[in-house]
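Chains as they are written, first to last, in the working numbering: chain U, 4 to 124; chain V, 12 to 178. Using N, Cα and C, we set each Cβ at its ideal position, and we do this for glycine too. So the structure is just underneath, and the comments pick up after that.
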Amino acid sequence: MLPTEILDSEILFKAIKPLEHFWKDGHPSSAAFKDSKGLSVDRNGGRPKQVIIENLRARFETKAVVSVLASACREIGTYPVSKPLEGNIYHAEIHRSATETSLSSSLAKKLRDLVKIESLE
Amino acid sequence: MSEVLVRKNTSTGLSINGESSYALGWYRNSYARPTLNPGIILIIDSNDSTHLSLEQKLNLETLDNFKALQFNWNGNNAEPFSESLIEKAKSIIFHLKYQPEVFPTARQSVQFEYEKENGDYLEFEIFEDSITCLQIVSGNESESQIKDSEIFSKLDQFYASDRNLRF
Chain U
4 MLPTEILDSE
14 ILFKAIKPLE
24 HFWKDGHPSS
34 AAFKDSKGLS
44 VDRNGGRPKQ
54 VIIENLRARF
64 ETKAVVSVLA
74 SACREIGTYP
84 VSKPLEGNIY
94 HAEIHRSATE
104 TSLSSSLAKK
114 LRDLVKIESL
124 E
Chain V
12 MSEVLVRKNT
22 STGLSINGES
32 SYALGWYRNS
42 YARPTLNPGI
52 ILIIDSNDST
62 HLSLEQKLNL
72 ETLDNFKALQ
82 FNWNGNNAEP
92 FSESLIEKAK
102 SIIFHLKYQP
112 EVFPTARQSV
122 QFEYEKENGD
132 YLEFEIFEDS
142 ITCLQIVSGN
152 ESESQIKDSE
162 IFSKLDQFYA
172 SDRNLRF
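Next up, the structure:
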C-alpha cells in the first residue's frame, strides 16, 4: 500500500482523452484540467514511466499522457490528494485546496503550462 | 402584400431580407425594432448561417459536437452538456467580433480561449447561470465572475492595442 501522503518527489500522471477539442498548438487546453469531481491522476508509486503510460493507455482511450511533479503542483497552489480506488492503489486527485475540489481557472492554466507531455499519439 | 423574410436562428441571431446588421442590433441590444405594416408575411427561416464567418461556423459546429458527449465522456464520470448551456454558448459565439478557441470542461461549462503569441491570455468560462473571466496581460492576472455583457468590453480591451490575432 502506498503512503497516504503524496511526497514532493512523486510524479503524477494524467491521461488526456483523444478529444480534438482539448488540444491546441500541440498541448492540452486548461479545460482538460477542470473537473468538478477532482482532477484524476495516477501516482508513479515507484513504477517505471513506461509501465504507468501503458497502464493508463490500457484503461482509458488516450491521446496523451502528461506528468507533473507533486512539488510543482504545490508550488502553484494546488493540492494533490491520495484517492486510492479498488483496483488502482495509485489513484490520486489534484484539488484546488484542502476544502475545494475543482481548480480555479487560474490554477488550471498554471497546471496546463506546467505539465510535461510524456506520450502523444 | 409585402413579404419580408426574417431569418432567425436561436443560436445565430436574425437577418431581415439580408440586412443582418440591422437585425443584429434588434436582437442583441434591442435598440431598434423593425416595424412591419399590416398584411406583411413573416417567413421564419431557422437555418440561415450565410452571414457567419468561417470561424463562427466552426465554433458553432464544435459546440454542437459537445451535445454528443455522453455521461463519462472524460473517463471520470463527467456529465453531458445541457442544451441550454450549449445554446447560451452558441448565442455568445454569434455576437463575438473575435472568435475564440472553444473547449469542453468536465464541470458543466464551456471554455472560450484567446491567447496571443506574447503570452497574453483571455479566457471565458461559460456556465448556465454565470460566466467567469481569467485575464493575463503583461503578466498581470485577474480572475472574476462577470456579467454576460462584459464579454464584449473585455474582448475589445484585450485586442485594443494588438490586432495581431491568433486563431
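> When the Cα atoms are used, what is the spatial distance from S43 (chain U) to V69 (chain U)?
Replying inline: 12 Å
> Which one of V:S149, V:C144, V:I157 and V:N70 has the shortest CA to CA distance from S105 (chain V)?
Replying inline: Position check: residue 105 (chain V) holds Phe in this sequence, whereas Ser was assumed. For F105 (chain V), the nearest C-alpha among the options comes from V:N70.
>> Which complete alpha helix (DSSP H) runs does the region 80-123 of chain U hold, if anything under 4 residues is left out?
In response: 108-117
> If we cut at 8 Å on Cβ distances, does P115 (chain V) have a partner in chain U?
Replying inline: yes
>> I'd like to know whether the C-beta atoms of L106 (chain U) and V71 (chain U) end up nearer to each other than 8 Å.
In response: no
>> Against D38 (chain U), what residues of chain V qualify as contacts under a CB-to-CB distance less than 8 Å, listed in chain order?
In response: N85, N87, A89, T116, A117 and R118
> Does S105 (chain U) come within less than 8 Å of chain V when only Cβ atoms are used?
Replying inline: yes
>> My output table needs one value for D45 (chain U): the three-state DSSP class, helix, strand or coil.
In response: strand
> Within 10 angstroms of its Cβ, does E112 (chain V) collect 16 or more other Cβ (buried), or is it exposed?
Replying inline: buried
> In three-state DSSP terms, what is K127 (chain V)?
Replying inline: coil
> Near V200 (chain V), what residues of its chain come up, given a Cβ to Cβ distance below 8 Å and the 5 sequence neighbours on each side ignored?
Replying inline: Given a span of 12 to 178 for chain V in the structure shown, any question on residue 200 (chain V) remains unanswerable.
> Can you tell me whether DSSP reads Q119 (chain V) as helix, strand or coil?
Replying inline: coil
>> Using 8 Å as the threshold, is the C-beta distance between S33 (chain U) and A67 (chain U) below it?
In response: no
> Can you pull the DSSP bridge partners for S70 (chain U)?
Replying inline: U:F16 and U:K119
>> Residues of chain V with CB closer than 8 Å to the CB of S109 (chain U), please, in chain order.
In response: L145, E152 and E154
> alpha helix (DSSP H) containing S39 (chain U): first to last residue?
Replying inline: Segment: none, S39 (chain U) is in no alpha helix (DSSP H) and carries neither H nor E.
> Listed in chain order, which residues of the region 129-142 of chain V have Cβ atoms closer than 8 Å to some Cβ of chain U?
Replying inline: Y132, E134 and E136
> In this structure, does DSSP put Y109 (chain V) in helix, strand or coil?
Replying inline: coil
>> For a cutoff of 8 Å on Cβ pairs, would you count Q168 (chain V) as touching chain U?
In response: no
> Can you tell me whether A101 (chain U) is buried or exposed, with buried defined as 16 or more other CB within 10 angstroms of its CB?
Replying inline: exposed
> So what does Q156 (chain V) bridge to, in DSSP terms?
Replying inline: V:T143
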